[in-house]
Amino acid sequence: MKKFAALLLAVVMTLSCAVAASAEDAKTSMNVCIASEPDTLDPALNSAVDGATMIAHLFTGLSTWAQDENGALEIIPACATELPAAVINEDGTATYTYTLVDGLKWSDGQDLTAKDFEYAWKRASSTELGADYGYMFEVVKGYPDELAVEATDDKTLVVTLNNDVSYWNELLAFPSFLPVREDVVANEAWATDPATYVSNGAYSMTKWEHNSVITLTKNDNYFLADTIKMDEINFYLSDDENNMLANYQNGDWVMIDSVPNAEIDALKAQYPDEFVVGSQMGTYYVSWNVNANILPEGCELTGEEAEKAEEEIRFAIGLLFDRNYIVTEIGKAGQQPASSFVALGMTDADGKTQFYENAGPSDEYAGYWNVSEDAYEANWESAIETLKKYYTFDEATGMFTNFPTIEYLYNTNDGHKLIGEYLQSVVSGVGITMNLVNQEWNTFLNTRKNGDYTVARNGWLADYNDPISFLDMWVSASGNNDSQFGKGEHADLKMFNMDLTPYGVDVKVENGTWAETYDAAITAVKTCGDKDARYAMMHAAEDLLMSTGAITPLYYYTDIYMVKSNVKGFFANPLGYKYFMYCTVE
Amino acid sequence: MSSKMLFYVLKRVLLALLTIWIVITVTFFVMHAVPGGPFVGEKAISKEAQAALEAKYGLDKPLMTQYVTYLRDIVTRFDFGPSLKQRGRQVVAIIADGMKTSARLGVIAALIATVTGIVLGAVAAIRRNTVLDKVIMVITTAFVSMPSFIMGTLLLIIFSVHLGLLPANGAAQGGLILPVITLSLYPMSYITRLTRSSMLDVLGQDYIRTARAKGVSRAKIIFGHAMKNSLIPVITYVGPMLAYIVTGSMVVEQIFAVPGIGRQFISSIINRDYTMIMGTTIILASLIVIMNLVSDILYKIVDPRIEFE
Chain A
1 MKKFAALLLA VVMTLSCAVA ASAEDAKTSM NVCIASEPDT LDPALNSAVD GATMIAHLFT
61 GLSTWAQDEN GALEIIPACA TELPAAVINE DGTATYTYTL VDGLKWSDGQ DLTAKDFEYA
121 WKRASSTELG ADYGYMFEVV KGYPDELAVE ATDDKTLVVT LNNDVSYWNE LLAFPSFLPV
181 REDVVANEAW ATDPATYVSN GAYSMTKWEH NSVITLTKND NYFLADTIKM DEINFYLSDD
241 ENNMLANYQN GDWVMIDSVP NAEIDALKAQ YPDEFVVGSQ MGTYYVSWNV NANILPEGCE
301 LTGEEAEKAE EEIRFAIGLL FDRNYIVTEI GKAGQQPASS FVALGMTDAD GKTQFYENAG
361 PSDEYAGYWN VSEDAYEANW ESAIETLKKY YTFDEATGMF TNFPTIEYLY NTNDGHKLIG
421 EYLQSVVSGV GITMNLVNQE WNTFLNTRKN GDYTVARNGW LADYNDPISF LDMWVSASGN
481 NDSQFGKGEH ADLKMFNMDL TPYGVDVKVE NGTWAETYDA AITAVKTCGD KDARYAMMHA
541 AEDLLMSTGA ITPLYYYTDI YMVKSNVKGF FANPLGYKYF MYCTVE
Chain B
1001 MSSKMLFYVL KRVLLALLTI WIVITVTFFV MHAVPGGPFV GEKAISKEAQ AALEAKYGLD
1061 KPLMTQYVTY LRDIVTRFDF GPSLKQRGRQ VVAIIADGMK TSARLGVIAA LIATVTGIVL
1121 GAVAAIRRNT VLDKVIMVIT TAFVSMPSFI MGTLLLIIFS VHLGLLPANG AAQGGLILPV
1181 ITLSLYPMSY ITRLTRSSML DVLGQDYIRT ARAKGVSRAK IIFGHAMKNS LIPVITYVGP
1241 MLAYIVTGSM VVEQIFAVPG IGRQFISSII NRDYTMIMGT TIILASLIVI MNLVSDILYK
1301 IVDPRIEFE
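Those sequence lines, one after another, are chains A and B. Going by my numbering, the first residue of the first sequence is number 1, and it counts up by one from there. Going by my numbering, the first residue of the second sequence is number 1001, and it counts up by one from there.
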């Protein structure tokens, strides 16, 4: 019996030691869900926000996003010792020279050198790779296949841009600019398997059960490993919002990146501290095809005159919509009514004022029309007056009688449908028949890009804080030019004006084509080294764009997500990337 | 196996191959006829980059050439090609990953459905017109008429959100319990009803009456004579059911975030991931064809009177 008691005591003591030890070793870990299986976690190939979030935990570039002590977001040097200003060369190009910090290593322990950056950038921008975001290197001299970037030694990276751009430091934190190692990516399947996934950031990938979960574990080879608080992050992969919510509500997941639309009101009330409306640099808008005819039958206007009339008509119809109603009754997620195409969150030349606040013709309101609730009636009346110039108006019924039937195209989705139905109800109130047509996503993209539509739902999210990311998509040759500016018949119209001489650029065109005016302005912006002049020209470009009436902004996007109130140290950047590495769960 | 049966099986296998070939051909050409493509995204890539990608994956070649190459690769090397969207991954590997989960889910659900269905059906038939029979019928009627997305959501809300007993996520420990239940309720109810009516039919037959008149025990009548014959319609149902459960659990996979093949199938179509569409279609079609074949052969084994044509 004594023997037994001794044995028992020994067992208990061993066990308690083990328990104490395991308590000390306890790793911090969190379960989150931002989206379903990412298409790729190769930093160069990724084009999705969820992929970018995971990549931001796996890789670190020359610069990175961080939160200062006041909670404000900033871009700080990471792999580079500092982010120096450019040296402007005689030909106007700008050269940046970076020194890498000491002791940079890959997650497999190998040294990381400037050569890895050079290789990664050349790969990411190459035509051969065909990355969605290859164009992010457009600002670099020699884009796409002769990129002017060189590792002059193991620690020094020299890159030359066509001209200095203010958002360059931000680009350095963008996934496309993250380093990858040549021998690693030589294996085309490298980014699909933890065994071959070599990264240089705060975490390394330790598990990827496809379509199920990706586990990131703190990377001990990371040069800033001391600053990383969370030891392990499990990214669960699901895109079913109801399922995400169920997992959040039963406590399995502490952060989910989207919620069912129908639940927004209830969740706001039920979880006031956990339901977050974050900012996002993007605009939800309606795009018109400039080559589609919307004049009444029998109208004798042709060519430039017809297009002038259509510009007025489209702009007027845009004024009929009550954006405050859309955001409060349909969007319900804190969106801001829009009065410009360049979104809220984009700053002007001073880096502080909102670009949209300085946009538009009037000092009394921001943007191209007064979007306040009080102004809605006046907007409506002016719109009706404009439309009366071109269409027959029946005073008795308050209806236009000869507006041709048009179609509103949207991709199959409940939210887009609700907005479509609202727009439809508004225009039908003045006698305009607008039929709703929905298409499945990929078909929709194709139809819209090819210009086989009259009016379509549209949206744009910026990739960096510079208005050019909203404006360069409308040049004639752009693949995102859904409105077909400068294409088809529109290419021949000589009716646009652009005067850039006040900004030191030799462009002064009256009654020119879209290519001679808008395209020229965008080219001037991209090659301009003077900040103030550059922003002024971007305002001029947006003025021309908005005067076509072909872009009807409805609201500026927000980013809604839920995060448990006991999670501290979490932040999101304006591109929608979420950062979990500094989190603690109390 | 008789030579007649062998010949029949051979004939059916050839027919199955023909069916699959037709499925491949139709899917291939319809898929390419649908607007859009794998490299179309919200943000457009340059024409040069698009061309480089198309060349890389052979999409720049004439459609007929692509078709012939595709068939050749499947037949000679069982090579379904790389996924166009999930870059760096092979279609075979993606499907194998998804099938592992879907098959596990499906086989367990099918087993539960078949065993419980037969037992409940037999009990209901033997205890015909009793309270037990009526209860079983009411419940199974409810389950047959309730679509799986409602049943799944209901179970999710009750057991996962409110009671917190089971995870809402198919990847977690015990995460397949709710999906298995959701998936098995419909076929279980169907089999119950099938077994009941067929059992009632058999119990009314002359040979059962004869056996009873000769004093054979009740248990022996049911298990020795009635059961086997009343299972024939169930068997015809079970084969295709297995195929549908394994392949057609898309809704359930979505509700419970189960990493199965059903979700892959849908997303491949949305993404125009051509090779994935083909791969999943071929696998799903083959499964259905094979299961039908198996159930036809079982049919013969259970009932030797059935002649193969």
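Glycine residues also receive a C-beta, built at the ideal position from the N, C-alpha and C atoms. Source: prediction; values computed, not measured.
- B/V1115 sits exposed, since fewer than 16 C-beta atoms from the chains shown fall within 10 Å of its C-beta.
- Every unbroken stretch of the alpha helix (DSSP H) spanning 4 or more residues and falling wholly within the stretch 501-586 of chain A is given here in chain order: 520-526, 531-547.
- For A/T81, the three-state secondary structure derived from DSSP is coil.
- In terms of Cβ geometry, A/M473 and A/A540 do not form a close pair [threshold 8 Å].
- For the stretch 1019-1048 of chain B, the beta-carbon criterion of a distance under 9 Å to any beta-carbon of chain A is satisfied by V1034, P1035, G1036, G1037, P1038, F1039, V1040, G1041, E1042, K1043, A1044, I1045, S1046, K1047, E1048.
- By the rule that beta-carbons nearer than 8 Å mark a contact, A/S212 touches chain B.
- Scanning A/Q484, A/D42, A/Y143, A/V139 for the CA closest to the CA of A/A292 turns up A/Q484.
- For B/Q1050, the C-beta contacts it makes with chain A under 9 Å involve G130, G479, in order along the chain.
- In the DSSP assignment, A/G278 falls within the unbroken beta strand (DSSP E) covering 275-288.
- Interface residue (Cβ-Cβ distance to chain A less than 8 Å): B/S1249 is not classified as such.
- Looking only at B/A1213, B/A1171, B/Q1050, the smallest Cα-Cα distance to B/L1084 is reached by B/Q1050.
- The alpha-carbon of A/F177 is positioned some 57 Å away from that of B/A1142.
- Of all residues in the stretch 424-447 of chain A, only Q439, E440, W441, N442, T443, F444, L445, N446, T447 place a beta-carbon less than 9 Å from a beta-carbon of chain B.
- Residues of chain A whose Cβ lies closer than 9 Å to the Cβ of B/V1252 do not exist; the shortest such Cβ separation is about 11 Å.
- In the DSSP assignment, B/R1104 falls within the alpha helix (DSSP H) that extends over 1091-1126.
- Between A/N243 and chain B, the shortest Cβ-Cβ separation is below 8 Å.
- Of A/D145, A/N442, A/T99, the smallest CA-CA separation from A/W121 is found for A/D145.
- Counting along the chain, A/M434 sits inside the beta strand (DSSP E) bounded by residues 434-439.
- In the three-state DSSP reduction, A/E209 falls in the strand class (E or B).
- Taking the Cα positions, A/D111 is about 28 Å away from A/C583.
- Looking from the CA of B/M1146, the closest CA among B/K1228, B/F1159, B/R1212, B/Y1186 belongs to B/Y1186.
- For B/W1021, the secondary structure class from DSSP, reduced to helix, strand or coil, is helix.
- Between the alpha carbons of A/A48 and A/N250 lies a gap of roughly 28 Å.
- Bridge pairing for B/V1040: absent [DSSP].
- If you check the CB distance, A/P194 and A/I55 do not come in under 8 Å.
- For the pair A/I326 and A/Y422, the CB atoms are nearer than the 8 Å cut-off.
- Of all residues in the stretch 1143-1165 of chain B, those with a C-beta nearer than 8 Å to a C-beta of chain A are T1153, L1156, I1157, S1160, V1161, G1164, reading in chain order.
- With contacts defined by Cβ atoms closer than 8 Å, A/T64 and A/T156 do not form a contacting pair.
- Between the C-alpha atoms of B/L1156 and B/G1262 there is a straight-line separation of about 19 Å.
- The residue among B/D1133, B/I1301, B/R1212, B/I1266 with its C-alpha nearest the C-alpha of B/L1284 is B/I1266.
- Distance from the Cα of A/M546 is smallest, within the candidate group A/S339, A/T443, A/M230, for A/S339.
- Taking a beta-carbon distance threshold of 8 Å, A/K494 does not count as an interface residue toward chain B.
- Around the CB of B/M1005, fewer than 16 other CB atoms lie within 10 Å, so the residue is classed as exposed.
- Residues of chain A whose Cβ lies closer than 9 Å to the Cβ of B/I1277 do not exist, since the nearest Cβ in that chain is about 12 Å away.
- With respect to the 8 Å criterion, A/G318 and A/G459 are not classified as neighbours on the basis of their beta carbons.
- For B/F1149, the three-state secondary structure derived from DSSP is helix.
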